[in-house]
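**Student:** What the sequence shown shows, in the numbering used here, is residues 1 to 320, in sequence order.
Attaching a single structure in structure tokens format; questions to follow.
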Amino acid sequence: MQRKALIIGACGQIGIELTLALRQKLGSSSVIASDVKEIVPDLIADGPYEHLSVLDLDRLRQVIVSHQITEVYNMAALLSATSEMNPAFAWELNMNGLLHTLNLAKEGLFQRLFWPSSIAVFGPSTPRIHTPQDTIMDPNSVYGISKLAGERWCEYYAQKHQVDVRSIRYPGLIGYRSAPGGGTTDYAVDIFYKAIESAKYACFLGPQTMLPMMMMEDAIRATIDITEAPSEKIKIRSSYNLAGCSFTPEELAIEIRKHIPNFEITYAPDFRQSLADSWPDSIDDSRARSDWGWAHQYDTRLLVEKMIEEVRKNLSATAI
Ligand code: SER
Numbered sequence: 001m002q003r004k005a006l007i008i009g010a011c012g013q014i015g016i017e018l019t020l021a022l023r024q025k026l027g028s029s030s031v032i033a034s035d036v037k038e039i040v041p042d043l044i045a046d047g048p049y050e051h052l053s054v055l056d057l058d059r060l061r062q063v064i065v066s067h068q069i070t071e072v073y074n075m076a077a078l079l080s081a082t083s084e085m086n087p088a089f090a091w092e093l094n095m096n097g098l099l100h101t102l103n104l105a106k107e108g109l110f111q112r113l114f115w116p117s118s119i120a121v122f123g124p125s126t127p128r129i130h131t132p133q134d135t136i137m138d139p140n141s142v143y144g145i146s147k148l149a150g151e152r153w154c155e156y157y158a159q160k161h162q163v164d165v166r167s168i169r170y171p172g173l174i175g176y177r178s179a180p181g182g183g184t185t186d187y188a189v190d191i192f193y194k195a196i197e198s199a200k201y202a203c204f205l206g207p208q209t210m211l212p213m214m215m216m217e218d219a220i221r222a223t224i225d226i227t228e229a230p231s232e233k234i235k236i237r238s239s240y241n242l243a244g245c246s247f248t249p250e251e252l253a254i255e256i257r258k259h260i261p262n263f264e265i266t267y268a269p270d271f272r273q274s275l276a277d278s279w280p281d282s283i284d285d286s287r288a289r290s291d292w293g294w295a296h297q298y299d300t301r302l303l304v305e306k307m308i309e310e311v312r313k314n315l316s317a318t319a320i
């Protein structure tokens with residue numbers, strides 16, 4: 001069967017990059033981007049686009065049927081900081097959005113579903129260092145609660161209805177092609193823009209806040225690899241732990257100073273600090289490595305090198 005992908009939330013931080021990568025792989029016409037945004041970002045304007053809310057079940061069904069979609073990537077969500085501002089909508093979008101795609105997969109309208117989970121499924125009682133795949137999960141954020149419930153739904157639909165759903169617990173994602181929005185880990189993207197523009201950054205997390213992070217390229221490769229893997233290799237149907245590198249704001253600043261020696265960072269922790277404090281320092285992703293061959297490429301040094309190089313290009317392009 002010819003592969004035809006639908007990306008829901010294609011204008012978001014991950015959605016844009018996933019659309020670009022899948023279009024390169026499958027061809028532009030085989031990857032339908034969709035989002036609630038009216039205006040399509042230039043980066044993904046070269047291929048098919050549907051104006052679509054994942055909460056509109058009838059329209060979602062119609063888009064899937066009319067394009068003969070075989071795989072769906074459901075990337076529409078409110079992230080951790082934004083979810084705290086609007087818990088009711090976060091629950092509606094993160095939960096009903098997922099259930100809509102699970103139900104249409106159950107009806108047999110398409111064959112594979114990718115849905116992202118997050119390190120936010122863990123909580124204050126979870127072991128923080130090399131957090132195991134199976135462990136205490138007591139999320140205390142609206143976002144984390146929605147992702148943990150989502151993981152349980154994924155496993156339920158896989159077991160009870162044979163839905164072929166695949167999922168990854170993304171760490172904080174660091175990329176340069178698209179702007180992040182509403183996450184607690186987003187400081188680690190913004191810092192590069194501020195470092196290059198003004199050599200100064202005021203961080204909304206404290207200096208010692210260690211969090212698991214990952215270069216966007218690695219995350220996109222993981223997303224495509226897990227979705228392409230033969231079904232029998234996907235032994236976990238809730239969501240897989242996934243690790244790249246871990247660092248604190250202070251460590252990131254030290255690494256940035258190797259490229260921008262006069263870079264200065266100050267700290268003014270806000271409500272996002274308590275979210276970050278409830279999440280792991282580092283992740284044990286041995287199951288992803290052994291089950292479907294995951295291997296990360298970017299450590300902190302490489303990630304910083306790449307971000308400095310690419311953000312410099314972005315900023316000089318916008319200055320012209
Ligand atoms: N990066 C996300 C956030 O900060 C966590 O998955 O909200």
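We treat Cβ as the ideally placed atom computed from N, Cα and C, and that holds for glycine.
Note that the structure is a prediction, hence the values are computed from the model and not measured.
Near Cys11, what residues of its chain come up, given a Cβ to Cβ distance below 6 Å and the 5 sequence neighbours on each side ignored?
**Tutor:** Asp35, Lys37 and Pro41.
**Student:** Are at least three pairs of beta-carbons, each pair with one atom in the region 298 to 309 and one in the region 158 to 170, less than 8 Å apart?
**Tutor:** Short answer: they don't touch.
**Student:** Can you tell me whether DSSP reads Pro212 as helix, strand or coil?
**Tutor:** Correct three-state label for Pro212: strand.
**Student:** Taking 6 Å as the limit between beta carbons, can you name the residues of its chain near Ser83, skipping five residues before and five after?
**Tutor:** Cβ neighbours of Ser83 beyond the five flanking positions: Ala90, Val142 and Tyr143.
**Student:** Classify Arg301: buried if its beta carbon has 16 or more other beta carbons within 10 angstroms, exposed otherwise.
**Tutor:** It counts as exposed.
**Student:** Could I get the ranges of all uninterrupted beta strand (DSSP E) runs contained in the region 201 to 264, with 3 residues as the minimum, in chain order?
**Tutor:** Qualifying beta strand (DSSP E) stretches, in chain order: 211 to 215 and 245 to 247.
**Student:** Cβ atoms of Gly182 and Ala81: under 8 Å apart, would you say?
**Tutor:** Yes, Cβ-Cβ distance for Ala81 and Gly182 is below 8 Å.
**Student:** Give me, in chain order, the residues of the same chain whose beta-carbon lies closer than 6 Å to that of Ser117; leave out the 5 immediate sequence neighbours on both sides.
**Tutor:** Cβ neighbours of Ser117 beyond the five flanking positions: Lys147, Glu151, Ser167, Arg169 and Ser239.
**Student:** Is the distance from the Cβ of Arg3 to the Cβ of Thr70 below 8 Å?
**Tutor:** Yes, the Cβ-Cβ distance between Arg3 and Thr70 is below 8 Å.
**Student:** Just to confirm, are Glu155 and Arg237 a CB contact at a threshold of 8 Å?
**Tutor:** Yes, the pair counts as a contact, with Cβ atoms nearer than the cut-off.
**Student:** Can you list, in chain order, the residues of its chain whose CB lies under 8 Å from that of Asn94, leaving out five sequence neighbours each side?
**Tutor:** Once the five neighbours on either side are set aside, the close Cβ partners of Asn94 are Ala77, Leu78, Ser83, Tyr143, Ser146, Lys147 and Gly150.
**Student:** Just curious, the alpha helix (DSSP H) that Ile39 is in, first and last residue?
**Tutor:** It is not in any alpha helix (DSSP H) - Ile39 carries neither H nor E in the DSSP assignment.
**Student:** Looking only at its own chain, which residues have a Cβ that is under 8 Å from the Cβ of Lys25, when we skip the five neighbours before and after it?
**Tutor:** So the qualifying residues of the chain are Ile224.
**Student:** Using a Cβ-Cβ distance cut-off of 8 Å, determine whether Val165 contacts chain C.
**Tutor:** Among the chains of the structure shown, chain C does not appear; only one protein chain is present.
**Student:** Is Ser118 helix, strand or coil when you go by DSSP?
**Tutor:** In this structure, Ser118 counts as strand in the three-state DSSP scheme.
**Student:** What residues come near the ligand SER, if near means a beta carbon less than 5 Å from any of its heavy atoms?
**Tutor:** Per the Cβ criterion, the list is Leu79, Ser80, Ser118, Ala120, Gly172, Gly183, Thr184 and Thr185.
**Student:** Let me make sure I understand the geometry here. Which of Thr19, Lys200 and Met215 has the alpha-carbon closest to that of Ile256?
**Tutor:** Nearest option by C-alpha distance: Lys200.
**Student:** Keeping to the same chain, check which residues put their C-beta closer than 7 Å to that of Trp153; ignore five residues upstream and five downstream.
**Tutor:** Closer than 7 Å at the Cβ level, and outside the excluded window around Trp153, lie Leu98, Leu99 and Leu102.
**Student:** Once you ignore the five residues that flank Asp299 on each side, which residues in its own chain have a CB closer than 6 Å to its CB?
**Tutor:** Excluding sequence neighbours, Asp299 sits near Cys245.
**Student:** CA-CA distance, Phe247 and Val189?
**Tutor:** Answer to the nearest angstrom: the Cα atoms are 13 Å apart.
**Student:** Between the region 107 to 126 and the region 254 to 270, are three or more C-beta pairs nearer than 8 Å?
**Tutor:** The region 107 to 126, when compared against the region 254 to 270, does not touch it at the 8 Å Cβ threshold.
**Student:** Taking only runs that begin and end inside the region 87 to 164, name each unbroken beta strand (DSSP E) of 3 or more residues, in chain order.
**Tutor:** Runs found: 112 to 118.
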